[in-house]
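In what follows, a structure is listed as structure tokens, so that the remarks can point back to it.
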Amino acid sequence: MPLPTGTTRPISLLLSTALAAVTLTGCALVELAGDCEGTEDRVKEMAALDILGSRPAGATVARGFEEVDAGCWADSGDVSVFANRTYAFPGTQAEVAAYYRTAAVRDGWNPDPEALPDDLCFARESMVLQIVFLTAEGLAEDGHGSRPDLTNGASYSINVDSFVNSGVEAGC
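For the sequence shown, my numbering gives the first residue as 20, with consecutive numbering after it.
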């Protein structure tokens, strides 16, 4: 016996909604499977990298950034561990660049051949190292407010990132 037309439409709408919900939930569950669980040791290794403690003469650990910031983030199935350190430096960006071009290579990091001449970006194994100069705008965007101690001279942060189990080769 066929269903009356008035009943068929609500049932097909209900089935379509249920199928969409299952599909979306399934995708969400796949994304949740790619999380930071089990990355604690890798985060500790990243935080202990020698390059994070290496700095040119005159550079000081910035107030409020005394500890290496290290952790893990997961987004859209990509899982990455990171570690960074921020320094206040009274000198010039050229002095910082010269220091890290030598120190990074000495520590086993390879300059990215595709990086622009002013970029301080290096790779080693599955990791990427970048030196980023700080600006008042960038500090404000990151919630650090006005920091004249970090915007005078060539203050910077050292950032190391590594994708976990992605098969992606490290590059800038």
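By construction, the Cβ of each residue, glycine as well, lies at the ideal position given by its N, Cα and C atoms.
In three-state DSSP terms, what is residue i?
i             : result
aspartate 131 : coil
alanine 76    : coil
leucine 169   : helix
arginine 82   : coil
threonine 154 : coil
leucine 71    : helix
valine 124    : helix
aspartate 60  : helix
valine 115    : helix
Which value, in whole angstroms, describes the spacing of the CA atoms of residue i and residue j?
i             : j                 : result
glutamate 156 : phenylalanine 182 : 28 Å
arginine 166  : arginine 104      : 16 Å
threonine 42  : alanine 93        : Residue placement at threonine 42 is flagged as unreliable, the pLDDT there being 38, under the threshold of 50; a coordinate-derived value is accordingly withheld.
arginine 125  : glycine 162       : 34 Å
tyrosine 119  : methionine 146    : 16 Å
alanine 102   : lysine 63         : 9 Å
alanine 81    : leucine 158       : 13 Å
glycine 172   : glutamine 112     : 8 Å
Considering only C-alpha positions, which residue in the set the options is nearest to residue i?
i                 : options                           : result
alanine 67        : Met146, Gly83, Val87 and Val100   : Val87
methionine 65     : His163, Gly162, Arg143 and Ala173 : Arg143
threonine 154     : Asn129, Ser174, Cys140 and Ala116 : Ser174
valine 100        : Thr58, Cys140 and Arg74           : Thr58
phenylalanine 152 : Ser95, Leu139 and Gly127          : Leu139
arginine 74       : Ala116, Arg82 and Leu135          : Ala116
glycine 72        : Gly172, Ile150, Asn171 and Leu158 : Ile150
glycine 110       : Ala76, Phe141, Asp97 and Gly127   : Ala76
cysteine 91       : Pro130, Leu135, Cys55 and Pro136  : Cys55
Please check the pair residue i and residue j, which I expect to be a contact at CB under 8 Å, by giving their CB distance rounded to whole angstroms.
i             : j           : result
leucine 169   : alanine 89  : With a Cβ gap of about 20 Å, leucine 169 and alanine 89 do not count as contacting.
isoleucine 70 : alanine 122 : 7 Å
valine 179    : leucine 148 : 5 Å
I'd like to know whether the C-beta atoms of residue i and residue j end up nearer to each other than 8 Å.
i            : j             : result
cysteine 191 : glutamate 114 : no
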